[in-house]
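Counted the way this note's numbering counts, the sequence shown spans residues 9 to 234. No residue lacks a Cβ here, since even glycine has one placed at the ideal position from N, Cα and C.
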Amino acid sequence: MTDPVFVDLTAPPAEGVPVDIPAPHPTIRFDGRADYPDDVAERLSADAAGIIARYPRSRSALLPLLHLVQSEDGQITPAGVTFCAEQLYLTTAEVSAVATFYSMYRRSPTGEYLVGVCTNTLCAIMGGDEILAALRDHLGIDAGETSADGRITLEHVECNAACDFAPVVMVNWEFFDNQTPTSSVELVEDLRAGVPLTPARGTGTVCTFRQTARLLAGLPETEDRV
Ligand code: FES
């Protein structure tokens, strides 16, 4: 029989001595407009009604409704949060909690094309970091920022389960596989020039961020309203 092993858990805090309480999490804030003009609210409400009707419980429509308001503003705004809450009989805190949990919902203005460079393990080994550095240099912006012409928002993304095709770049969540620094710079230049681009998988060409958000809401594509 082996000897018992004791683990030193250090002394418990003395009773009656105040303990350090961590500062509360900063209040979640969304930038952008606070409300919608009547005509926009009316149009969004009509779209929302069709989405909500697909679900047995209205609150189940929150994710597509967040995409709907993101298609309007290019990000989640206070107006979008309030709109979703009112449509679904939720609190704005409940809507905010969901909108900040998923990285597809953005809290800052987004360019026409959201270019995400995977820098997770396999893509990093295969050159993802070099691609991100090349795009930062070429566009003159850091990850999380938007080019001055409003066309490209650059971000680094985590693994997109496309490791077989590393390193991958995503444009509005469409895959562009086996990229290099040179090909990714050509990719963003084609996007800026309005060249229709076909992703590595799927059909059709890449559409704008707002159009993509509308498709993710389950609605037909329309012209961008900027
Ligand atoms: S590590 Fe980039 S897709 Fe998996």
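Near the ligand FES, residues with a Cβ at less than 7 Å from any of the ligand's heavy atoms are C126, N128, T129, L130, C131, G136, C167, N168, A169, A170, C171, A174, P175 and V176; the list follows chain order.
In this structure, the CA atom of L17 is about 21 Å from the CA atom of T10. I60: member of the alpha helix (DSSP H) spanning D46 to I60, first to last residue.
The beta carbons of G210 and P72 sit no closer together than 8 Å. Straight across, the Cα-Cα distance linking T90 with L74 is about 11 Å.
The DSSP-derived three-state label of C131 is helix. For the pair E166 and N128, the CB atoms are nearer than the 8 Å cut-off. Cβ-Cβ distances below 8 Å link T206 to G212, T213 and V214 in the same chain, with the five nearest sequence neighbours on each side left out; the list follows chain order. Taking M134 as the centre and dropping the five residues before and after it, the same chain places the C-beta of A174 and P175 closer than 6 Å to its C-beta, in chain order.
About 7 Å separates the CB atoms of I160 and L199; that is less than 8 Å, so the two are in contact. Taking the CA atoms as reference points, H33 sits about 13 Å from A105. Here E182 is buried: its Cβ has 16 or more other Cβ atoms, across all protein chains shown, within 10 Å. Relative to the Cα of Q219, the nearest Cα in the group R37, L76, I60 and D43 belongs to L76. In the DSSP assignment, V176 falls outside any beta strand (DSSP E), carrying neither H nor E. With respect to the C-alpha of S116, the residue from A132, D145, H146 and G158 having the closest C-alpha is G158.
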